[in-house]
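**Q** If you count by my numbering, then the sequence shown holds residues -2 to 254, one letter each, in order.
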Amino acid sequence: MQKRTKTRLARGLFVDRDIDRLRQQLTRFQPFLTRRAMTPSLEEFDLATERLIGEVFGEASEMVEAYEYAKLGEAASLVNLPEEAQEGGAQDIDRESLQQRKRVLESCISELEAHRATNSHKYRSGSGIAYSPQVADYMSTDVRSVHAETTIKEAGRLLQKWKVGSLLVDDGRRYIGIITDTDLSRKAVARGLDPKTTTVKTCMSKPVLTIEDSEPMVEAVRLMNEKAIRHLAVTEDETIIGILSLSDVLRYYSGGM
-2 MQKRTKTRLA RGLFVDRDID RLRQQLTRFQ PFLTRRAMTP SLEEFDLATE
48 RLIGEVFGEA SEMVEAYEYA KLGEAASLVN LPEEAQEGGA QDIDRESLQQ
98 RKRVLESCIS ELEAHRATNS HKYRSGSGIA YSPQVADYMS TDVRSVHAET
148 TIKEAGRLLQ KWKVGSLLVD DGRRYIGIIT DTDLSRKAVA RGLDPKTTTV
198 KTCMSKPVLT IEDSEPMVEA VRLMNEKAIR HLAVTEDETI IGILSLSDVL
248 RYYSGGM
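1) Taking L190 as the reference, give the member of T179, K150, T177, G174 with the closest Cα.
2) By Cβ distance below 6 angstroms, which residues in the same chain neighbour A133 in space, the five residues on each side in sequence not counted?
3) Would you grab the beta carbon distance between F42 and R25 for me? Rounded to a whole angstrom, and I think it's under 8 angstroms.
4) When the Cβ atoms of the segment 190 to 208 are set against those of the segment 168 to 179, are three or more pairs found closer than 8 angstroms?
5) So, using beta-carbon positions, are L155 and V140 closer together than 8 angstroms?
6) To the nearest angstrom, report how far apart E103 and Q97 are at their CA atoms.
7) Take the Cβ of S163 as the centre, count every other Cβ of all protein chains shown within 10 Å, and call the residue buried at 16 or more, exposed below.
8) Can L49 and Q22 be called in contact, C-beta distance under 8 angstroms?
9) Tell me I240's beta-bridge partners as DSSP assigns them.
10) Taking all protein chains shown into account, decide if T46 is buried (16 or more other Cβ within 10 angstroms of its Cβ) or exposed.
11) Taking the C-alpha atoms as reference points, what is the distance between Y64 and W159?
12) What does the Cβ neighbour count give for A57, buried or exposed, with the cut at 16 atoms within 10 Å?
13) I need the DSSP call for G174, collapsed to helix, strand or coil.
14) Note down the Cα distance separating A145 from G169, rounded to an integer number of angstroms.
15) Since E223 is in the alpha helix (DSSP H), which residue starts that stretch and which ends it?
16) Which of the three DSSP states is assigned to Q166 in this structure?
17) In three-state DSSP terms, what is E56?
18) What residue from P204, L165, E216, H228 has the CA that sits closest to P130's CA?
19) Pull the bridge partners of H112 from the DSSP assignment, please.
20) What first and last residue would you give for the beta strand (DSSP E) that runs through V12?
21) May I ask you to report which of helix, strand or coil DSSP gives T36?
22) Look up E235 in the DSSP assignment and say whether it is helix, strand or coil.
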């Protein structure tokens, strides 16, 4: 069994200093958004940022994973875009990836500030019970799906069209899996599969992992981290009514609704 170690954040150490360090890192990141030539390079900046986040939140934390995910961007791989859209698509993916890096850094700062505030003042509701945010507060109700025989090229097009990061996969009777932008890039592109003939059932993740909408967000984060996934189907009385993604988790950490 892997030995558990407490992070600096769990021990309450250096919170003020870590907030300052992350703010400085966010300031250093701003020139990348304007596409200016920078020293260090973006790759060197990413390494330093992941190292810093790992020091604060733990190397296996969802914040580190969120930053790694941000480098990929929310968009599906270019292999799934029409040829005439690839040049503009590449720019959009790069821009979105940069914006996601920024959002992760901002979420890290917000998490530390919330931690500091919680330990300074124990806020309670009028009833004397602290409210725990639920999955229903952050999930997306925009549930999209494709048939198992759909090609991954078409799945990529639909991800772009609907601006989502995942699609449930059905066989005409029930949901049998989920296909994500990460599945397309890591499973399809990395394996050199033909997007025009390969179907989503070849690359989908299965089974569909679910969580009830009444569960606390901390349980959703725990489950996503334990299963190493970025999307959860949300159920109400065992019927899928929404999707919880890593972007929603970041919103939860940043204190947004």
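The beta carbon of each residue, even a glycine, is placed where N, CA and C say it ideally should be.
**A** The answer reads as follows:
1) Considering only alpha carbons, the answer is K150.
2) Closer than 6 angstroms at the Cβ level, and outside the excluded window around A133, lie D210.
3) 7 angstroms
4) yes
5) no
6) 10 angstroms
7) buried
8) yes
9) S137, A230
10) buried
11) 23 angstroms
12) exposed
13) strand
14) Their backbone Cα atoms lie some 8 angstroms apart in a straight line.
15) 214 to 224
16) The sequence as given places Val at residue 166; Gln does not occur at that position. Three-state result, V166: strand.
17) coil
18) E216
19) BP columns for H112 are empty, so no partner.
20) Looking at the DSSP string, V12 is not in any beta strand (DSSP E); the run it does join, the alpha helix (DSSP H), is 12 to 30.
21) DSSP, reduced to helix, strand and coil, places T36 outside both helices and strands of the structure shown, so it counts as coil.
22) coil
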